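Enquirer: Residue numbers (the numbering used here), protein chains in the order written: chain S, 739 to 964; chain V, 3 to 218. The beta carbon of each residue, even a glycine, is placed where N, CA and C say it ideally should be. Keep in mind that this is a model prediction, so the values were computed, not measured.
#1: Does DSSP put residue 21 of chain V in a helix, a strand or coil?
#2: For residue 34 of chain V, which of helix, strand or coil comes out of DSSP?
#3: For chain V, find out if any of its Cβ atoms is closer than 7 Å to the Cβ of residue 835 of chain S; answer yes or no.
#4: Straight-line CA distance for residue 153 of chain V to residue 867 of chain S?
#5: What first and last residue would you give for the alpha helix (DSSP H) that runs through residue 836 of chain S?
#6: Within a Cβ cutoff of 6 Å, which residues of the same chain sit near residue 806 of chain S, ignoring the five residues on either side of it in sequence?
#7: Using beta carbons (cut-off 7 Å, strictly below), is residue 62 of chain V in contact with chain S?
#8: Which chain S residues sit within Cβ distance under 7 Å of residue 124 of chain V?
#9: Counting along the chain, where does the alpha helix (DSSP H) carrying residue 813 of chain S start and finish?
#10: State the Cα-Cα distance for the pair residue 839 of chain S and residue 889 of chain S, rounded to the nearest angstrom.
#11: Within a Cβ cutoff of 7 Å, which residues of the same chain sit near residue 5 of chain V, ignoring the five residues on either side of it in sequence?
#12: Using a Cβ cut-off of 7 Å (strictly closer), state whether residue 159 of chain V contacts chain S.
#13: For residue 65 of chain V, which option in V:50, V:137, V:199 has the closest C-alpha, if you only look at C-alpha atoms?
#14: Output, in chain order, the set of chain S residues within a Cβ distance shorter than 9 Å of residue 102 of chain V.
#15: Whose CA, out of S:740, S:933, S:762, S:918, lies closest to the CA of residue 108 of chain V?
#16: Can you find a C-beta in chain V that's less than 7 Å from the C-beta of residue 848 of chain S?
#17: Using the beta-carbon of each residue, which ones in chain S are nearer than 8 Å to residue 65 of chain V?
#18: Look up residue 795 of chain S in the DSSP assignment and say whether it is helix, strand or coil.
#19: Determine the chain S residues that contact residue 10 of chain V at a beta-carbon separation under 7 Å, and present them in chain order.
#20: One question on the structure: do residue 896 of chain S and residue 814 of chain S come within less than 7 Å of each other, judged by their Cβ atoms?
#21: May I ask you to list, following chain order, the residues of the segment 137-149 of chain V that have a beta carbon less than 8 Å from some beta carbon of chain S?
#22: Assuming the contact rule is C-beta atoms closer than 8 Å, residue 935 of chain S and residue 924 of chain S should be a hit. Round their C-beta distance to whole Å, please.
#23: Using the rule of at least 16 other Cβ atoms within 10 Å of the residue's Cβ for burial, across every protein chain shown, is residue 90 of chain V buried or exposed?
#24: Round the Cβ separation of residue 845 of chain S and residue 803 of chain S to the nearest angstrom and send it over; I've been treating them as touching at under 8 Å.
#25: Looking at the secondary structure, which residues open and close the alpha helix (DSSP H) in which residue 120 of chain V lies?
#26: How many angstroms separate the CA atom of residue 834 of chain S from the CA atom of residue 950 of chain S?
#27: Starting from the beta carbon of residue 117 of chain V, find every residue of chain S whose beta carbon is closer than 7 Å, and list them in chain order.
#28: Just to confirm, are residue 110 of chain V and residue 164 of chain V a CB contact at a threshold of 7 Å?
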């Protein structure tokens with residue numbers, strides 16, 4: 739078991755390290771988030787009430803759009819220098835690699851989400867602090883759902899033609915339940931209501947996360963064969 | 003040969019189904035003749051569910067055995083499945099215009115059926131993007147399995163999100179309040195659609211087998 743966890747950790751650590759040195763994804767993603775904010779502002783206009791009404795949806799729109807870019811890249815780095823073969827040849831249960839990649843993606847998403855929240859708070863003069871603990875729970879569950887499907891589909895499409903097109907077309911309908919539940923739960927939380935009012939949504943999110951994780955772990959070795 | 007017999011059987015059942023839908027089933031009191039769309043709408047969606055169950059079965063079967071036959075089953079069920087989901091959406095849309103007054107509404111069942119449609123369109127798209135048979139089959143199988151596992155989650159999420167469509171009369175837990183002639187007509191059409199699907203499935207699997215053997 740500990741060897742399994744260590745293998746997953748190695749994959750995640752490797753990705754974090756190469757990201758820290760190359761700064762390939764994160765820099766662009768942060769600026770992408772900033773650009774999204776401009777687009778939202780242009781779309782909604784200056785009226786504050788409209789921004790506030792649309793806020794939960796806008797937040798998750800920002801997360802999923804950034805996620806589409808981040809998850810789609812997860813396995814692209816492995817295509818260079820025969821890294822993919824290295825992963826295939828690595829010993830032990832392949833689902834550890836999936837979990838490692840997933841952990842890396844969740845980490846990237848958390849950074850992007852924090853940045854987006856700060857940007858929203860600054861540019862739209864919003865105060866998230868009272869809702870922050872409850873919001874963190876919703877974000878964690880929602881992000882895990884998005885990332886678990888995104889990591890699996892990212893691996894599938896990494897070796898394909900027209901992958902930039904195919905990946906969102908595959909991912910978006912699959913994560914509809916995650917988006918619906920997350921947006922609804924975020925709405926409840928941002929309205930200042932207690933987390934318990936969103937309990938049904940959180941349970942559904944947790945169930946969805948579990949199903950995606952299990953499917954991902956069980957099927958990943960077939961995807962990795964390339 | 004067996005497939006051809008199945009085809010003719012499906013044709014006969016469909017003729018009987020159309021006959022029953024227009025000749026035998028009574029005119030619905032409130033909606034009038036428009037309600038007869040149901041005899042297309044409901045069998046189509048039930049057949050689509052059967053098709054996606056077979057996609058799941060074929061996908062799991064392929065990953066476990068790596069036998070091309072399972073993949074052909076999944077592919078050959080997915081194509082008519084998307085077709086029948088499309089028929090469900092289109093017929094529902096035509097039915098919705100006179101009864102609800104709109105072609106489309108973001109109701110729970112409409113939305114979840116549309117999501118299902120998109121998931122399996124994605125499934126077919128991905129199959130078109132890979133040339134190597136084993137790689138294509140593995141990628142498609144994973145998408146097919148996740149798609150099927152997702153169906154109940156999509157169902158509940160969208161259901162809690164919004165509901166306008168009447169709840170299912172046939173698949174619900176209580177004894178069905180449906181009138182006997184209507185139920186009988188539905189049954190005939192359901193059998194007809196299932197036969198049609200079986201024929202399409204058999205024919206598509208045969209084509210896929212020929213493609214596999216002759217492509218080398």
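Expert: Let me lay it out:
#1: Taking the first residue of the second chain as position 1, residue 21 of chain V is located at position 19. Three-state result, residue 21 of chain V: helix.
#2: Residue 34 of chain V sits at position 32 when you count from the first residue of the second chain. Note: residue 34 of chain V maps to strand in three-state DSSP.
#3: As a first step, residue 835 of chain S must be located in the first chain, where it is residue number 97. For residue 835 of chain S, the answer is no, since every Cβ of chain V falls outside 7 Å of its Cβ.
#4: Counting from 1 along the second chain, the entry for residue 153 of chain V is found at position 151. Counting from 1 along the first chain, the entry for residue 867 of chain S is found at position 129. Those two C-alpha atoms are separated by around 36 Å.
#5: Residue 836 of chain S sits at position 98 when you count from the first residue of the first chain. Here the alpha helix (DSSP H) through residue 836 of chain S covers 833-861.
#6: Taking the first chain and counting its residues from 1, the one referred to as residue 806 of chain S is at position 68. 906.
#7: In the second chain, counting from the first residue as 1, residue 62 of chain V sits at position 60. It does not: the Cβ of residue 62 of chain V has no partner Cβ on chain S nearer than 7 Å.
#8: Taking the first residue of the second chain as 1, we reach residue 124 of chain V at position 122. Chain S residues near residue 124 of chain V: 907, 908, 911.
#9: Taking the first residue of the first chain as position 1, residue 813 of chain S is located at position 75. Run containing residue 813 of chain S: none; DSSP gives neither H nor E here.
#10: Taking the first chain and counting its residues from 1, the one referred to as residue 839 of chain S is at position 101. Taking the first chain and counting its residues from 1, the one referred to as residue 889 of chain S is at position 151. Using only the alpha carbons, I get a separation of about 7 Å.
#11: Numbered from 1 along the second chain, position 3 holds the residue referred to as residue 5 of chain V. Excluding residues within five positions, the ones whose Cβ falls inside 7 Å are 201, 204, 205, 208.
#12: Along the second chain, one-based indexing puts residue 159 of chain V at 157. Chain S contact via Cβ: present.
#13: Looking up residue 65 of chain V in the second chain gives position 63. Ranking the options by Cα distance to residue 65 of chain V, first place goes to V:137.
#14: Here the question's residue 102 of chain V lines up with position 100 in the second chain. The premise fails here: residue 102 of chain V is roughly 22 Å from chain S at the closest Cβ pair, so nothing lies under 9 Å.
#15: Residue numbering aside, residue 108 of chain V sits at position 106 when the second chain is read from its first letter. Nearest of S:740, S:933, S:762, S:918 to residue 108 of chain V, Cα basis: S:918.
#16: Along the first chain, read from residue 1 onward, the residue named residue 848 of chain S stands at position 110. Residue 848 of chain S does not count as touching chain V.
#17: Here residue 65 of chain V refers to the residue found at position 63 when the second chain is read from its first residue. By Cβ distance, chain S contributes 957, 960.
#18: Locating residue 795 of chain S in the first chain gives position 57, counting from the first residue. Three-state result, residue 795 of chain S: helix.
#19: Along the second chain, read from residue 1 onward, the residue named residue 10 of chain V stands at position 8. Near residue 10 of chain V there are no residues of chain S at all, since even the closest Cβ is about 37 Å away, more than 7 Å.
#20: Within the first chain, numbered from 1, the residue matching residue 896 of chain S stands at position 158. Within the first chain, numbered from 1, the residue matching residue 814 of chain S stands at position 76. In contact: residue 896 of chain S and residue 814 of chain S (Cβ atoms closer than 7 Å).
#21: 137, 140, 141, 143, 144, 145, 147, 148, 149
#22: Locating residue 935 of chain S in the first chain gives position 197, where the first residue counts as 1. Locating residue 924 of chain S in the first chain gives position 186, where the first residue counts as 1. The pair is not a contact, with the Cβ atoms about 12 Å apart (cut-off 8 Å).
#23: Mapped onto the second chain, residue 90 of chain V falls at position 88. Flag for residue 90 of chain V reads buried.
#24: Reading the first chain from its first residue, position 107 is the one you call residue 845 of chain S. Reading the first chain from its first residue, position 65 is the one you call residue 803 of chain S. Actually they are not in contact, since the Cβ atoms of residue 845 of chain S and residue 803 of chain S sit about 18 Å apart, beyond 8 Å.
#25: Stepping through the second chain from its first residue, residue 120 of chain V is reached at position 118. Unbroken alpha helix (DSSP H) run through residue 120 of chain V: 110-130.
#26: Here residue 834 of chain S corresponds to residue number 96 of the first chain, with the count starting at 1. Here residue 950 of chain S corresponds to residue number 212 of the first chain, with the count starting at 1. Straight-line Cα distance between these residues: approximately 15 Å.
#27: Position 115 of the second chain, counted from the first residue, corresponds to residue 117 of chain V. Going along chain S in sequence order, the residues near residue 117 of chain V (Cβ under 7 Å) are 911, 914.
#28: Here residue 110 of chain V refers to the residue found at position 108 of the second chain. Here residue 164 of chain V refers to the residue found at position 162 of the second chain. Yes, these two residues count as a Cβ contact at 7 Å.
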